[in-house]
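Reviewing the structure listed below.
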Amino acid sequence: MLKSIQPCSIILSTLLLSTCSSFQASSQESIDISYISGSVLVHAKKIEPISHQPVDGLSINYTFKNTRGEHWRKFYNFPNYGINYTFKSFNNPDVVGNAHALTTFLQLSFLKRHNVFDVGFKGSAGLAYLTEKFDEISNPDNQAISTHLNIAGEVEFYTRLTFHPVYIGYSYGLNHFSNGLIESPNLGLNTLNNHFTLGWAFEKQAEKVKPDEEERARLIKNEFWAYASTGANKVRDYDKRFVFFATSLNYSKQINPINKIGIGFDFINDEALNQYAIKNYNFNGESDLSFRCGPNLQGEFLFGNLSILAAYGIFFGDPSNYVSRGYYKVGAKYYAKNIIGIAMIRAVPKFKAQVIEFGLGYRFPWN
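Going by this note's numbering, the sequence shown opens with residue 882, and the numbers climb by one from there.
Shown next as structure tokens:
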């Protein structure tokens, strides 16, 4: 089932963000605290030994003032955004320990007006410190986490009742910790969470401001762009790190001031794929598996000079020696005019990260 969850979640998030852009509402400065109750999601058999205890935690959110005036906010339903600290106990102190995460978040309302009742989507991304990690001798059951410092991400669907200045809320979501295969093993730690929230709003909703026609007309209808990237990863039981290289050729069409859709074709050369297949599959090295290529579909969400990119694709070739032929990538792009800086995670279904890649690219606008 989980093979289909991640591609579906990317598509659903794309639709939700595009839908939200047609509404108008307002953000407001606030602070809240949430009690977290959840459980570890078993996405691989090796996760089962650490999945039996409940997950408890606490989260504190601070939402920035609605006075920053960014152009892009008008098109995203004037979202709330801010910073978050989360503590989680996995009630397994010797194997999994606790997690401390510091993230930024973006909260999008689905409703045109939400003075009292609100429902929407919230996404968070940042870094986390986990107190326990895999050790072949002292902690072999923790196949999920092999470094103390990890990437943290969470998606939630929330509902809220406001009796200004107090509000209460509930949300349900999925949280993920992973090091992007900088160290191995790295199955990743996923939890399904219930959040029960009590908060205080320091200001009322700001006045709604619709984008004018000039702002709506700033579109790059067609663009071709390419980038080259690199990074390093590790395969369990191999002492060396494997450096990979990737190239991506892409076409995007801007469908409104904040959304782009497109297609791409990726080429990646990674010697770690050979070693992983030897270690985990019945591969005897009769051919070279290090080169992979394939097409993808992508969506992009623009926040001024910064954008968030999500894509899902398929590698060509025989999938019998791989975890999966399907892959996805999620990351950020920064535009310095037509020069592009990129940082993203490339992974396969079942939430298994393959690489963290960093790259530079260039776009060729064509209207």
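We put the CB at the ideal spot given by N, CA and C, even for glycine.
- The DSSP assignment places 935–944, 961–970 and 979–990 as complete runs of the beta strand (DSSP E) inside the region 928–999, in order along the chain (cut-off: 3 residues).
- E1017 counts as exposed, since fewer than 16 other beta carbons sit within 10 angstroms of its beta carbon.
- In this structure, the beta-carbon distance from I928 to L1154 does not fall below 9 Å.
- Where T1072 is concerned, the enclosing beta strand (DSSP E) starts and stops at L1070 to A1082.
- DSSP links G1050 through a beta bridge to R1041 and T1078.
- Leaving aside the five residues that flank G1061 on each side, the residues in its chain whose CB is nearer than 7 Å to its CB run, in chain order, I1032, I1226, A1234, V1236 and I1237.
- The continuous beta strand (DSSP E) containing I1136 extends over residues F1123 to N1137.
- Between A1113 and L1130, the C-beta spacing is not below 9 Å.
- The C-alpha of V1000 lies about 40 Å from the C-alpha of F1148.
- Taking C-beta atoms as the reference points, S915 and F1123 fail to come closer than 9 Å.
- If you draw a 10 Å sphere on the C-beta of K1102, you find fewer than 16 other C-beta atoms in it, and that means exposed.
- Of all alpha-carbon atoms in E1104, E1167, A982 and P1066, the one lying nearest the alpha-carbon of D1022 is that of P1066.
- Q1179 is bridged by DSSP to G1143 and A1192.
- L922 is a Cβ neighbour of T1072, given a cutoff of 9 Å.
- About 24 Å separates the Cβ atoms of A1006 and Y1048, ruling out a contact at the 8 Å cut-off.
- Under the three-state reduction of DSSP, K1160 is assigned to helix.
- With contacts defined by Cβ atoms closer than 9 Å, Y1216 and A1192 do not form a contacting pair.
- When rounded, the separation of the alpha-carbon atoms in Y957 and G1212 is 19 Å.
- Across the structure, Q988 and R1206 are spaced so that their CA atoms are roughly 33 Å apart.
- Across the set N1163, T1111 and L1178, the C-alpha of T1111 shows the shortest separation from the C-alpha of G1242.
- In the three-state scheme derived from DSSP, where H, G and I count as helix and E and B as strand, A1006 is classed as strand.
- In summary, Y1157 is buried, with 16 or more beta-carbon neighbours lying within 10 Å of its beta-carbon over all protein chains present.
- With 16 or more other CB atoms across the displayed protein chains lying within 10 angstroms of its CB, P960 is buried.
- Of all alpha-carbon atoms in L1042, L1011 and T1043, the one lying nearest the alpha-carbon of L1030 is that of L1011.
- In this structure N1020 does not touch E1035 by the C-beta definition: roughly 25 Å separates them, more than the 8 Å allowed.
- Pairing I1223 with N1177 gives a Cβ-Cβ distance that is not under 9 Å.
- Residue environment: G1185 is assigned as exposed (fewer than 16 neighbouring CB atoms within 10 Å of its CB, all protein chains considered).
- Per DSSP, Y1208 is one residue of the beta strand (DSSP E) stretching across G1207 to A1217.
- A1025 carries a coil assignment under DSSP once its states are collapsed to helix, strand and coil.
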